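Going line by line, the protein sequences match chains A and B.
Numbering-wise, the working numbering comes out as the position in the first sequence, counting from 1, plus 981.
Numbering-wise, the working numbering comes out as the position in the second sequence, counting from 1, plus 981.
Yeah, the Cβ is synthetic: ideal placement off N, Cα and C, and Gly gets one too.
For clarity, every value in this text was computed on a predicted model and none was experimentally measured.
Take a look at the structure set out below.
There are 2 protein chains.
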Amino acid sequence: MTGRRGRPPKNADVLSRERILREALTLVDEEGLDAVSMRKLARRLGVDPMSLYNHVDGKDALLDGIAEVLLAAIPAPPPGADLRETMSALAHGFRAAMLGHPRAAPLVLTRRLASMTALAPVESVLAPLLAAGFPPDRAVHGLWAVVAFLIGTLMREVEAGPTFGGTDTDGARRRLADLEGSGLPAVSAAAPFLAVCDHDAEFAFGLRILLDALGAMAGR
Amino acid sequence: MTGRRGRPPKNADVLSRERILREALTLVDEEGLDAVSMRKLARRLGVDPMSLYNHVDGKDALLDGIAEVLLAAIPAPPPGADLRETMSALAHGFRAAMLGHPRAAPLVLTRRLASMTALAPVESVLAPLLAAGFPPDRAVHGLWAVVAFLIGTLMREVEAGPTFGGTDTDGARRRLADLEGSGLPAVSAAAPFLAVCDHDAEFAFGLRILLDALGAMAGR
DNA sequence: TCCCTTCGATCTACAGTGTAGGTAATCGAC
DNA sequence: GTCGATTACCTACACTGTAGATCGAAGGGA
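See below:
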């Protein structure tokens, strides 16, 4: 009655893993991670909740799937580039991919992904490091140092929410007052820079420091 | 019958915010974050679930509370130390605090905390940066770069779980085989170092790079 | 043509969740 | 003694993830 049972007629497949993941991602974009439930997702797809389980292994696997969609959006670095250009391009590509879906980004940043999708960028970073003369163990250390920085900054950036940027918003003013009245001298002195975050500048600063250090080590 | 109603007699308060947070933390330590529910926590405290709401604002506030307990465990750095010693001490203190409760650490690493507890370490880092001649905006950038690195490494470290360390475990062997058979040349070459993580060495490496860079900037 | 396996969508059901709203018992202050 | 505030308990509601069974169409052989 409510909806016909059994397999849908003909080749008109109602569901597919891709369709589910796409809809899930836009659901996260619109309502946030906490709003994701199998039932709500199914409702948006016009489908019974349990049907999702024919294409996805469960809620956790669904979230992993979204994470991989995000990771797949990182463009490959230009082929002829040197170490610094390659790492910079990948770092900016990663950041852009996360900022394109800020509410879904924690799925990438907080989960240990072991898929092929996650391995491609690793290869793109390791290759120039090895070519620059890094022994494999140091190359891996350098890779993880940069990855850690990326994860950390983006975590901060993405949790801040879009209302953190403006310098004259109500929130910023209140934060400024709180910091100045904290009684901590250094915090008070730096309060204007703590109250608002110039994420672009922070990202550039940290990335420059790290790439400088790696570049210096490559020279040795 | 099941339990007497109303306020408990005399000064024998059954519940308190501290007791709740303590029990919540050991619950997380024992069973992980997903296992935390108001009902289970109440059961362990021998109390009705709704009673918790008299001391804690809701589940989210409870988790924030646990995060602050973790943060409060970071020891203050030695007072007379210079920039590098101070930042190193705080970084190691932060790491030790997180590794002391690996399953609860994501609460600190993934939440934006705005409490006084979170501000104390910030002061401890900013003070020597400013004293070393950093202008406030650069000091804040340096602070966040180090914080981002800390968040990122600890995220990786804490999610890996305790079974990631050993070199001859089954998981390590399987990972090694996967990496070598990935078809990616750089990944294959560095596979032995990708399959197992020496977290201590990684942490030391990244921290050294960052502190070197900041030290060099302070000299200018 | 019939039969039979396979597959995907549906339905039911269950144990568990966070918490709003209401009630009763005890306290400190007057 | 009276009164408001505090605190523990109870009920109830809407919602979650998903195991298990069921049904109907598609496709392959005979």
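Residue i at chain A interface by Cβ criterion, 8 angstroms
{"i": "B:Val1017", "result": "no"}
{"i": "B:His1122", "result": "yes"}
{"i": "B:Glu1104", "result": "yes"}
{"i": "B:Met1136", "result": "yes"}
{"i": "B:Ile1055", "result": "no"}
{"i": "B:Ser1096", "result": "no"}
{"i": "B:Val1168", "result": "yes"}
{"i": "B:Leu1111", "result": "yes"}
{"i": "B:Asp1193", "result": "yes"}
Where residue i falls: helix, strand or coil (DSSP)
{"i": "B:Ile1055", "result": "coil"}
{"i": "A:Phe1115", "result": "coil"}
{"i": "B:Arg998", "result": "helix"}
{"i": "B:Thr1007", "result": "helix"}
{"i": "A:Ser1105", "result": "helix"}
{"i": "B:Asp1151", "result": "helix"}
{"i": "A:Arg1076", "result": "helix"}
{"i": "A:Ser1163", "result": "coil"}
{"i": "A:Pro1173", "result": "helix"}
{"i": "B:Pro1087", "result": "helix"}
{"i": "A:Asp1193", "result": "helix"}
{"i": "B:Ser1069", "result": "helix"}
{"i": "A:Gly1081", "result": "coil"}
{"i": "A:Gly1142", "result": "coil"}
{"i": "A:Ala1062", "result": "coil"}
{"i": "B:Gly987", "result": "coil"}
{"i": "A:Leu1157", "result": "helix"}
Residue i to residue j span [Cα, whole Å]
{"i": "B:Asp1010", "j": "A:Asp1041", "result": "21 angstroms"}
{"i": "A:Val1106", "j": "A:Asp1159", "result": "42 angstroms"}
{"i": "A:Glu1012", "j": "B:Pro1087", "result": "22 angstroms"}
{"i": "B:Gly1164", "j": "A:Ala1197", "result": "30 angstroms"}
{"i": "B:Arg1155", "j": "A:Asp1151", "result": "53 angstroms"}
{"i": "A:Leu1195", "j": "A:Arg1189", "result": "10 angstroms"}
{"i": "B:Met1136", "j": "A:Ser1169", "result": "30 angstroms"}
{"i": "A:His1082", "j": "A:Val1089", "result": "11 angstroms"}
{"i": "B:Asp1045", "j": "B:Arg1000", "result": "15 angstroms"}
{"i": "B:Leu975", "j": "B:Gly1133", "result": "Examination of residue 975 of chain B is not possible in this model, given that chain B is present from 982 through 1201 alone."}
{"i": "A:Leu1175", "j": "B:Val1050", "result": "23 angstroms"}
{"i": "A:Leu1008", "j": "A:Ala1077", "result": "20 angstroms"}
{"i": "B:Asp994", "j": "B:Ala1016", "result": "27 angstroms"}
{"i": "A:Ala1113", "j": "A:Ser1096", "result": "27 angstroms"}
{"i": "A:Phe1184", "j": "A:Pro989", "result": "50 angstroms"}
{"i": "B:Val1028", "j": "B:Leu1052", "result": "27 angstroms"}
{"i": "B:Pro1102", "j": "B:Leu1071", "result": "7 angstroms"}
{"i": "A:Arg1093", "j": "A:Gly1074", "result": "19 angstroms"}
{"i": "A:Pro1026", "j": "B:Trp1125", "result": "One point to set straight first is that residue 1026 of chain A is Leu, not Pro, in the sequence displayed. Going from the Cα of A:Leu1026 to the Cα of B:Trp1125 covers about 41 angstroms."}
{"i": "A:Gly1187", "j": "B:Asp1193", "result": "13 angstroms"}
{"i": "B:Arg1119", "j": "B:Val1128", "result": "14 angstroms"}
{"i": "B:Ser1069", "j": "B:Ala1085", "result": "23 angstroms"}
{"i": "B:Gly1162", "j": "A:Glu1104", "result": "13 angstroms"}
{"i": "B:Leu1157", "j": "B:Ala1172", "result": "6 angstroms"}
{"i": "B:Asp1038", "j": "A:Ala1141", "result": "22 angstroms"}
{"i": "B:Asp1179", "j": "A:Arg1024", "result": "46 angstroms"}
{"i": "A:His1036", "j": "A:Ala1099", "result": "21 angstroms"}
{"i": "A:Ala1005", "j": "A:Leu1022", "result": "6 angstroms"}
{"i": "A:Leu1002", "j": "A:Ile1047", "result": "6 angstroms"}
{"i": "A:Gly1123", "j": "A:Ala1167", "result": "32 angstroms"}
{"i": "A:Leu1111", "j": "B:Val1121", "result": "33 angstroms"}
{"i": "B:Ala1054", "j": "B:Leu1064", "result": "21 angstroms"}
{"i": "A:Pro1116", "j": "B:Pro1056", "result": "36 angstroms"}
C-beta neighbour in chain B for residue i, strict 8 angstroms
{"i": "A:Ala1070", "result": "no"}
{"i": "A:Glu1012", "result": "no"}
{"i": "A:Pro1083", "result": "no"}
{"i": "A:Ser1155", "result": "Note that residue 1155 of chain A corresponds to Arg in the displayed sequence, not to Ser. By this cut-off, A:Arg1155 is not an interface position."}
{"i": "A:Val1028", "result": "no"}
{"i": "A:Arg1093", "result": "yes"}
{"i": "A:Asn1035", "result": "no"}
{"i": "A:Asp1063", "result": "no"}
{"i": "A:Pro989", "result": "no"}
{"i": "A:Pro1117", "result": "yes"}
Exercise for review: Only counting runs of 4 or more residues, tell me where the alpha helix (DSSP H) segments fall wholly within the region 1010 to 1045 of chain A, in order along the chain.
Suggested key: Taking 4 residues as the shortest admissible run, the region 1010 to 1045 of chain A contains the following complete alpha helix (DSSP H) segments, listed from N- to C-terminal end: 1019 to 1026.
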